[in-house]
Every structure is written in structure tokens, then in C-alpha cells.
Amino acid sequence: MVDITDIKRLAKEIENKYNLNYYEILQRYMFERVLERISVSRYQDNFILKGGLLLSAMFGIGNRMTKDMDATITGIDVSKNKMLKVLNEILSINLKDGVKFDVVDITDIREDDEYGGNKYHIVGKLQSLKVNLEIDISTGDKVTPRELKYKYPLIFEDRTIIISSYNIETILAEKIETVLRRGVFNSRMKDFYDIYYFLTKLRKEIDINILKEAVNHTFTKRNSFEYLNDYEQIIDSIIGNERLEKLWNIYSNKYKYANGININEILNLLKDIIKKLNLEEFKREYDINV
Numbered sequence: 006m007v008d009i010t011d012i013k014r015l016a017k018e019i020e021n022k023y024n025l026n027y028y029e030i031l032q033r034y035m036f037e038r039v040l041e042r043i044s045v046s047r048y049q050d051n052f053i054l055k056g057g058l059l060l061s062a063m064f065g066i067g068n069r070m071t072k073d074m075d076a077t078i079t080g081i082d083v084s085k086n087k088m089l090k091v092l093n094e095i096l097s098i099n100l101k102d103g104v105k106f107d108v109v110d111i112t113d114i115r116e117d118d119e120y121g122g123n124k125y126h127i128v129g130k131l132q133s134l135k136v137n138l139e140i141d142i143s144t145g146d147k148v149t150p151r152e153l154k155y156k157y158p159l160i161f162e163d164r165t166i167i168i169s170s171y172n173i174e175t176i177l178a179e180k181i182e183t184v185l186r187r188g189v190f191n192s193r194m195k196d197f198y199d200i201y202y203f204l205t206k207l208r209k210e211i212d213i214n215i216l217k218e219a220v221n222h223t224f225t226k227r228n229s230f231e232y233l234n235d236y237e238q239i240i241d242s243i244i245g246n247e248r249l250e251k252l253w254n255i256y257s258n259k260y261k262y263a264n265g266i267n268i269n270e271i272l273n274l275l276k277d278i279i280k281k282l283n284l285e286e287f288k289r290e291y292d293i294n295v
């Protein structure tokens with residue numbers, strides 16, 4: 006049985022060390038309790054982790070935080086009633102960690118979200134501690150070339166759990182598509198930060214050929230090749246946009262890990278990686294007409 010006093014103490018230590026939000030650290034812990042239950046369930050191969058919770062592990066907790074969990078589902082029905090049964094079965098697994106979960110609501114993911122699907126509102130409880138969680142579940146996204154078996158590091162223990170996850174190239178392809186498609190109307194500053202981290206800290210881990218395939222699959226699925234074709238004009242329109250600069254300043258002041266990063270630097274990095282795709286050759290290779 007895990008003691009709540011130890012959890013709060015460890016969360017406080019991380020808060021002080023990285024200047025992070027205490028409640029978000031507790032959320033990360035509770036999400037890990039969900040992930041471990043998935044990893045030992047009969048649905049372990051059906052849940053593919055993506056989004057901020059995965060990036061928090063890839064980047065390190067001091068370099069990325071999140072308030073929710075995103076997963077793509079394969080091989081099973083994702084209708085509300087079916088997924089509720091699946092989730093309840095997973096969440097009821099006893100890991101002898103003292104944590105209990107209740108699904109308290111299900112809502113549709115907003116229509117303008119590129120993934121669609123449903124949001125499951127969950128309360129995680131450990132003795133007197135109650136933490137609100139949101140899990141976004143969708144289907145249909147393609148991981149290029151395939152999902153990984155990722156060793157997910159736990160924040161309060163010196164061990165990992167094995168989960169299915171997106172790879173770097175697919176995540177980056179989706180981030181590129183989102184930034185180009187939303188253009189100056191984007192309000193998700195985390196997209197810019199994630200691109201920056203991938204292209205500076207994890208650049209050597211990116212396979213450009215796999216990225217090409219991932220970009221092709223992502224833009225094909227979302228029917229958005231026109232934005233890739235016009236990437237220079239779109240990025241130039243973002244550079245110097247007062248609204249986005251203000252939003253970025255708010256984000257970079259809120260999260261210490263984004264301090265000192267200039268959004269124009271990120272946009273130039275984005276231009277550079279797209280140039281490396283060699284668009285004319287790319288369009289010939291994948292028979293794209295835009």
C-alpha cells in the first residue's frame with residue numbers, strides 16, 4: 006500500500022525542483038496508475054499512447070507537463086458504452102497501490118479537434134486525495150511505420166512500464182500539420198514548444214525517411230496537403246504576428262522550461278525541417294497534386 010504522505014512529499018520535491026504545478030504532478034502520478042493498469046490488462050495492445058502525457062515522459066517531467074491523457078484505440082469498438090465497459094474493467098484492476106478510479110462523465114471531444122472521439126472524466130482517489138483526470142480516446146490515426154513498445158518512466162519510482170505508443174516521427178508530423186493548418190489562428194502554444202524540443206534536443210533521433218512517410222500519411226488523412234505546399238507563406242504570416250507573440254510570452258512565462266525560447270526561432274526550425282523533406286521530390290514520390 007502506497008502512503009499518501011510519501012506521494013505528497015515526492016510531488017512537493019518535484020514542484021520545488023522544476024517550478025511546476027503541484028496538482029499537475031499529482032495528475033501525472035494518477036495517469037501513471039492508469040497506464041500501469043492498461044499495461045497489465047488484456048487491452049494492452051489496443052491502447053496507443055500519444056499527446057502530452059507521452060511527451061512528458063520523452064522530454065522529462067522538468068521539460069513538459071500536461072493535464073490530460075490522449076490515446077488512439079485499435080482493434081476494439083470505441084463507442085461510448087463499449088469503451089466505458091473497457092475502461093471500467095481496466096480501472097478496476099487491483100495493483101495494490103491503494104488507488105481507486107471512478108468514471109464520472111463522458112463528453113464529446115470538441116468538433117474542431119483533429120482527432121474527434123470522446124473525453125472520459127475520471128476521479129482518481131488515494132485515501133483522502135482526489136485528483137480529476139481527463140482521458141481523450143479516439144481512433145483512426147495511423148502510426149508510421151508502427152507503434153512502439155515504450156518504456157514509460159515513473160516519476161516516483163525507479164522503474165518503467167511497457168506501453169504501446171506513438172513514435173517521434175508520427176508525433177512531429179501531426180504537430181507540423183496542426184501548426185500549418187491552424188496558422189495565425191493557433192492558440193496551442195504547446196505545439197510550438199514541442200516542435201522546438203524535437204528539433205533541438207531530439208533531432209538526432211528523427212529518421213527523415215520515416216518522417217516523410219508520417220507526413221504523407223498525416224496530411225493525406227486530414228486532406229490538408231495545400232498547407233504543406235504553402236508552408237513558407239504560412240510560416241511567414243505567423244512570424245511577427247502580435248497575437249501569437251503575446252500568447253507565446255504568456256506560455257513561456259508560465260512554464261519555466263519554455264523561458265528564453267523565441268517563437269521566431271521555432272518557426273525557422275520548422276521551415277528548415279520541411280525544406281529537408283524536399284517537397285518537389287516528396288510530391289513525385291507520393292504522387293501528390295496540389
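So the sequence shown is residues 6 to 295, counted in my numbering. Glycine included, every Cβ here is placed at the ideal spot set by N, Cα and C.
Check your understanding: Beta carbon of Gln132, beta carbon of Ile271: below 8 Å?
Key -> Within the sequence shown, residue 132 is the residue found at index 127, counting from 1. Within the sequence shown, residue 271 is the residue found at index 266, counting from 1. No; because the gap between Cβ atoms is not below 8 Å, this pair is not in contact.
Exercise for review: Compare the C-alpha of Asp102 against each of Asp113, Lys281, Glu41 and Met194 and name the closest.
Suggested key: Here residue 102 is taken as the residue at index 97 of the sequence shown, counted from 1. When each option's Cα is compared against that of Asp102, the closest is Glu41.
Exercise for review: For Tyr201, count neighbouring Cβ atoms within 10 angstroms of its own Cβ and tell me buried if that reaches 16, exposed if not.
Suggested key: By one-based count along the sequence shown, residue 201 stands at place 196. It is buried - the Cβ of Tyr201 has at least 16 other Cβ atoms within 10 Å.
Review point. Just checking my contact of Arg69 with Gly57 at CB under 8 Å: how many whole Å lie between their CB atoms?
Key: If you number the sequence shown from 1, residue 69 lands on position 64. If you number the sequence shown from 1, residue 57 lands on position 52. Between Gly57 and Arg69 the Cβ distance is about 7 Å, and since that is below 8 Å, they are a contact.
Exercise for review: Please specify which runs of the beta strand (DSSP E), each continuous and at least 3 residues long, are wholly inside the region 47 to 134, giving them in chain order.
Suggested key: 52 to 55, 74 to 78, 104 to 113 and 123 to 131
Point to revise | Top-ranked residue by Cα proximity to Val39, from Lys105, Phe64, Ser143 and Arg164 | key: In the sequence shown, residue 39 corresponds to position 34, counting from 1. Ranking the options by Cα distance to Val39, first place goes to Lys105.
Review point. For Leu31, which of helix, strand or coil comes out of DSSP?
Key: What you label residue 31 is simply residue 26 of the sequence shown in a count that begins at 1. Here Leu31 sits in helix by DSSP.
**Study point:** Supposed close pair Met88, Asn123 - CB separation, criterion 8 Å
**Key:** Counted from its first residue, the sequence shown places residue 88 at position 83. Counted from its first residue, the sequence shown places residue 123 at position 118. Confirmed, about 7 Å.
Review point. Going by alpha carbons, who is nearest to Tyr232 out of Glu182, Leu207 and Thr79?
Key: Within the sequence shown, residue 232 is the residue found at index 227, counting from 1. Tyr232 has its Cα closest to that of Glu182, out of Glu182, Leu207 and Thr79.
Review point. With respect to the beta strand (DSSP E) encompassing Leu153, which residues constitute its N-terminal and C-terminal limits?
Key: Position 148 of the sequence shown, counted from the first residue, corresponds to residue 153. From DSSP, the beta strand (DSSP E) with Leu153 extends over Leu153 to Pro158.
Point to revise | 6 Å CB neighbourhood of Lys130 in its chain, flanking five on each side removed | key: Along the sequence shown, one-based indexing puts residue 130 at 125. The residues are Lys105.
Check your understanding: Looking at C-beta atoms only, is the number of pairs between the region 187 to 195 and the region 158 to 167 that lie closer than 8 Å three or more?
Key -> no
Point to revise | Pair within 8 Å by beta-carbon distance, Ser170 and Leu54 | key: By one-based count along the sequence shown, residue 170 stands at place 165. By one-based count along the sequence shown, residue 54 stands at place 49. Yes, they are a contact pair.
Point to revise | Closest residue to Glu152 among Asp107, Ile111, Arg208 and Ala76 (Cα-Cα distance) | key: Here residue 152 is taken as the residue at index 147 of the sequence shown, counted from 1. Here the closest residue by C-alpha is Ala76.
Check your understanding: Rounded C-beta distance between Tyr34 and Ile66? I'm assuming under 8 Å.
Key -> What you label residue 34 is simply residue 29 of the sequence shown in a count that begins at 1. What you label residue 66 is simply residue 61 of the sequence shown in a count that begins at 1. No, Tyr34 and Ile66 are not in contact; Cβ-Cβ is about 11 Å, not under 8 Å.
Practice item. Check whether the Cβ atoms of Ile168 and Ile43 sit closer than 8 Å, and answer yes or no. Key: Along the sequence shown, read from residue 1 onward, the residue named residue 168 stands at position 163. Along the sequence shown, read from residue 1 onward, the residue named residue 43 stands at position 38. Yes, the pair counts as a contact, with Cβ atoms nearer than the cut-off.
Review point. What is the rounded straight-line gap between the Cα of Ile278 and the Cα of Leu216?
Key: As a working note, residue 278 is residue 273 in the sequence shown. As a working note, residue 216 is residue 211 in the sequence shown. Taking the straight line joining both Cα atoms gives about 10 Å.
Exercise for review: Would you mind stating whether Leu274 and Leu204 have Cβ atoms separated by less than 8 Å?
Suggested key: For the purposes of this step, residue 274 is taken as residue 269 along the sequence shown, with counting starting at 1. For the purposes of this step, residue 204 is taken as residue 199 along the sequence shown, with counting starting at 1. Yes, they are a contact pair.
Review point. Got a sec: is the Cβ-Cβ distance from Glu182 to anything in chain C below 8 Å?
Key: In the structure shown, chain C cannot be found, because there is only a single protein chain.
Review point. In chain order, which alpha helix (DSSP H) runs of at least 4 residues are fully inside the region 194 to 273?
Key: 194 to 205, 213 to 226, 230 to 234, 236 to 243 and 247 to 259
Exercise for review: With DSSP as the reference, label Asn21 as helix, strand or coil.
Suggested key: Position 16 of the sequence shown, counting from 1, holds the residue named residue 21. Asn21: helix per DSSP, three-state reduction.
Point to revise | Candidates Asn26, Ile243, Ala178 and Lys206, of which the one nearest Arg227 by Cα | key: To locate residue 227, count along the sequence shown from 1; it is residue 222. Taking only the C-alpha atoms, the option nearest Arg227 is Ala178.
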